[in-house]
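Chemist:
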Amino acid sequence: MEINIRRKIHMDNDLQNKLRSFSIHEFQDDLINWYLTEKRDLPWRKDQDPYKVWVSEIMLQQTRVDTVIPYFTSFIEKFPTIEALADANEEEVLKAWEGLGYYSRVRNLQSAVKEVKESYGGVVPNSPHEISKLKGVGPYTKGAILSIAYNIPEPAVDGNVMRVLSRILSIWEDIAKPKTRKTFEDVTYELISRDDPSSFNQALMELGALICTPTSPSCLLCPVREHCTAFEEGVQAELPIKSKKKKPKPLQMAAAVLHDSDGNLYIHKRPSTGLLANLWEHPNFEIVATTGKTYREQLADYLQTEYEAKVVLSELAGTVEHIFSHLIWNISIFIAEVKNSPNENLVAVSPEELSKFAFPVSHQKIYQIYKGQNLA
DNA sequence: GAGTCGTGGCA
DNA sequence: TTGCCAAGACT
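Right under this line is the structure:
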């Protein structure tokens, strides 16, 4: 007796009809056979260790494979097991993520790993309900870990999967809308191989990365071309539908590379929530356009009131532009020598110790300007 | 649902 | 140069 779980269906009648006439098993075979032959040799594919699969999936969120590879390798060397990551120093973990972006990912990962150690005996849970409760594990990552590490037929719908399947079945929904993902989860649940869900899910993503690319897909090399309704109609370049995101908002900032006469640097730890949480930075603030004061004067005032720092400021030493997903920082850089002891909101660090602290890329650029000035 | 949260690569 | 991303999750 088959268990009938009543759940909402996110497919319209047209899509359900397409699936009824779709050659599911032939599609699975063509896709998986291609994957087994052509898949890339990636470091997280050496085994099915659920921990390594987990780390790789978190790193790969919104991040390119080529970028992730060196981070994954060194991260696993430093923290080879769930136990190692759970017991690791937070600063060291953040340092291992430095430059990779979306830093809340690694904070959530370590938090979740501690939860697995304490509540699940160090074994990544293999049930959808339990794994979903872990911090940072959303619908995609849940399906990816369950299918890749445990070979459980759960959909793992990412941008690749939505692009590929929107073309295969000519689905004209806007993939930028959150609710559209549910449609593709329903579709994937109908299509996924029960014999090899791991290869099936990875094959869909691999196809999206190598063949069914966002622009100029290589349809003539595609192993599932015969199943693709968009190719049949010649509309593969029109799919998927994706609405535009809005432009990032520019902000004018001023920053000081603060040092004393011995060359020690004074740095600040950002708050534990929000943008670049827990990372270190050189003192900086957002310029107020309405005052009559220059950036340099505003910066001196800020260093005094925020850090009780009496400083001698250089003229403008350079500028740094840094683009986030939703913001653009235009930072004017000044060099500042402190003449007193600033308050406890700043930490004094020698240049040699600086490499132990995790900085966002924007503040690495700021420090480079300071080093350039010292050479001149 | 819309906004927040990084970074580097590429057409 | 500008836009658009690339294996999303959280609030």
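Just so we're aligned: 263 in the working numbering is position 261 of the first sequence, and the numbers increase by one with no gaps anywhere.
Every residue gets a Cβ at the ideal spot worked out from N, C-alpha and C, and that includes glycine.
1. Can you grab the Cα-Cα spacing for the pair residue 291 / residue 65, in whole Å?
2. Can you give me the Cβ contacts of residue 250 inside the same chain, cut-off strictly under 8 Å, excluding the 5 residues immediately before and after it?
3. Bridge partners of residue 253, per DSSP?
4. With a threshold of 16 other CB atoms inside 10 Å of the CB of residue 11, please say whether the residue is buried or exposed.
5. Smallest Cα separation from residue 168: which of 273, 231, 362?
6. Let's test the definition: count the other Cβ atoms within 10 Å of the Cβ of residue 185 and tell me whether it reaches 16, buried, or not, exposed.
7. Taking buried to mean at least 16 other C-beta atoms within 10 Å of its own C-beta, is residue 109 buried or exposed?
8. Cα separation between residue 8 and residue 16?
9. Using only CA atoms, which one of 339, 266, 264, 323 lies nearest to residue 301?
10. Per DSSP, what are the beta-bridge partners of residue 321 in this structure?
11. Just checking, does the segment 80 to 88 make contact with the segment 107 to 126 on the three C-beta pairs under 8 Å criterion?
12. Pull up the DSSP beta-bridge partners for residue 282, would you.
13. Going by CA-CA distance only, name the one from 366, 333, 313 that's closest to residue 289.
14. Using C-beta distances below 7 Å, list every residue in its chain close to residue 22, excluding the 5 sequence neighbours before and after it, in chain order.
15. Do residue 2 and residue 210 have their CB atoms nearer than 8 Å?
16. Would you give the residue range spanned by the alpha helix (DSSP H) that residue 102 belongs to?
17. Using the DSSP secondary-structure output, state which residues sit across from residue 288 in a beta bridge.
18. Identify which residue in 306, 229, 98 has its Cα closest to the Cα of residue 32.
19. Which stretch, first to last residue, makes up the beta strand (DSSP E) that contains residue 315?
20. Could you tell me the alpha carbon to alpha carbon distance between residue 353 and residue 265, rounded to whole angstroms?
21. I think residue 126 touches residue 151, with their Cβ atoms under 8 Å apart; what is that distance to the nearest whole Å?
22. Taking the continuous beta strand (DSSP E) assigned at residue 379, which residues delimit it?
23. Please name the residue, chosen from 197, 190, 244, that lies closest to residue 216 on a Cα-to-Cα basis.
24. When the Cα atoms are used, what is the spatial distance from residue 159 to residue 145?
25. Hey, quick one: how far does the beta strand (DSSP E) through residue 350 stretch, first residue to last?
26. Ignoring anything shorter than 4 residues or poking outside the segment 139 to 211, list the alpha helix (DSSP H) runs there in chain order.
27. Which of the three DSSP states is assigned to residue 95 in this structure?
28. How long is the line joining the alpha carbons of residue 343 and residue 257, rounded to whole angstroms?
29. Return the CA-CA distance between residue 401 and residue 311, expressed in angstroms with no decimal places.
30. For the alpha helix (DSSP H) that contains residue 298, what are its first and last residues?
31. Considering Cα atoms alone, identify which of 360, 318, 323 is closest to residue 375.
32. Hey, how far is the Cα of residue 235 from the Cα of residue 175?
33. Using a 10 Å radius around the Cβ and a threshold of 16 neighbouring Cβ atoms, would you call residue 183 buried or exposed?
Modeler: The structure says:
1. Locating residue 291 in the first sequence gives position 289, where the first residue counts as 1. Locating residue 65 in the first sequence gives position 63, where the first residue counts as 1. In a straight line, the C-alpha of residue 291 is about 35 Å away from that of residue 65.
2. In the first sequence, residue 250 corresponds to position 248, counting from 1. Excluding positions up to five away in sequence, the list reads 325, 326, 327, 328, 329, 330.
3. In the first sequence, counting from the first residue as 1, residue 253 sits at position 251. Answer by DSSP bridge pairing, in chain order: 331.
4. Residue numbering aside, residue 11 sits at position 9 when the first sequence is read from its first letter. That one is exposed.
5. The residue given as residue 168 occupies position 166 in the first sequence. That would be 231, whose Cα lies nearest to the Cα of residue 168.
6. Here residue 185 corresponds to residue number 183 of the first sequence, with the count starting at 1. The residue in question, residue 185, is buried, as its Cβ has 16 or more Cβ neighbours within 10 Å.
7. On the first sequence, position 107 is the one that residue 109 refers to. Buried, by the Cβ-count rule.
8. For this step, residue 8 is matched to residue 6 along the first sequence. For this step, residue 16 is matched to residue 14 along the first sequence. Unreliable positioning characterises residue 8 in this predicted model, as indicated by a pLDDT of 40, which lies under 50. A coordinate reading is not provided.
9. Counting from 1 along the first sequence, the entry for residue 301 is found at position 299. The shortest Cα separation from residue 301 among 339, 266, 264, 323 belongs to 339.
10. For the purposes of this step, residue 321 is identified with residue 319 of the first sequence, where counting begins at 1. Note: residue 321 sits in a beta bridge opposite 334.
11. Touching, per the Cβ criterion.
12. Residue mapping note: residue 282 aligns to position 280 of the first sequence, counting from 1. Answer is 271.
13. What you label residue 289 is simply residue 287 of the first sequence in a count that begins at 1. The option with the nearest alpha carbon to residue 289 is 333.
14. Taking the first sequence and counting its residues from 1, one reaches residue 22 at position 20. Take residue 22, set aside five residues on each side of it, and no residue of its chain has a beta-carbon closer than 7 Å to its own.
15. Limits of the chain in this structure are 3 at one end and 378 at the other, which puts residue 2 out of reach.
16. Counting from 1 along the first sequence, the entry for residue 102 is found at position 100. That residue, residue 102, is in no alpha helix (DSSP H); it is neither H nor E in DSSP.
17. Residue numbering aside, residue 288 sits at position 286 when the first sequence is read from its first letter. Beta-bridge annotation (DSSP): residue 288 is paired with 255.
18. Locating residue 32 in the first sequence gives position 30, counting from the first residue. That would be 229, whose Cα lies nearest to the Cα of residue 32.
19. The count along the first sequence starts at 1 and reaches residue 315 at position 313. That run of the beta strand (DSSP E) goes 313 to 315.
20. For this step, residue 353 is matched to residue 351 along the first sequence. For this step, residue 265 is matched to residue 263 along the first sequence. For residue 353 and residue 265, the distance between alpha carbons rounds to 7 Å.
21. Within the first sequence, the letter at position 124 stands for residue 126. Within the first sequence, the letter at position 149 stands for residue 151. Going by Cβ atoms, the distance from residue 126 to residue 151 rounds to 7 Å, so yes, they are a contact pair.
22. Limits of the chain in this structure are 3 at one end and 378 at the other, which puts residue 379 out of reach.
23. For the purposes of this step, residue 216 is taken as residue 214 along the first sequence, with counting starting at 1. Residue 244 is the option with its Cα nearest to residue 216.
24. In the first sequence, the residue the question calls residue 159 occupies position 157. In the first sequence, the residue the question calls residue 145 occupies position 143. Roughly 8 Å separates the two Cα atoms.
25. Translated into the one-based positions of the first sequence, residue 350 becomes position 348. Its beta strand (DSSP E) spans residues 349 to 351.
26. 141 to 152, 161 to 170, 182 to 193
27. The count along the first sequence starts at 1 and reaches residue 95 at position 93. Reduced to three states, the DSSP call for residue 95 is helix.
28. As a position in the first sequence, residue 343 is number 341, starting the count at 1. As a position in the first sequence, residue 257 is number 255, starting the count at 1. Our two residues, residue 343 and residue 257, have alpha carbons roughly 19 Å apart in a direct line.
29. The displayed coordinates of the chain run from 3 to 378. Any statement about residue 401 would go beyond what the structure contains.
30. Residue numbering aside, residue 298 sits at position 296 when the first sequence is read from its first letter. First-last of the alpha helix (DSSP H) with residue 298: 297 to 309.
31. One-based indexing of the first sequence puts residue 375 at position 373. The shortest C-alpha separation from residue 375 is found at 318.
32. The count along the first sequence starts at 1 and reaches residue 235 at position 233. The count along the first sequence starts at 1 and reaches residue 175 at position 173. Distance between the alpha carbons of residue 235 and residue 175: 17 Å.
33. Taking the first sequence and counting its residues from 1, the one referred to as residue 183 is at position 181. Under this definition residue 183 is a buried residue.
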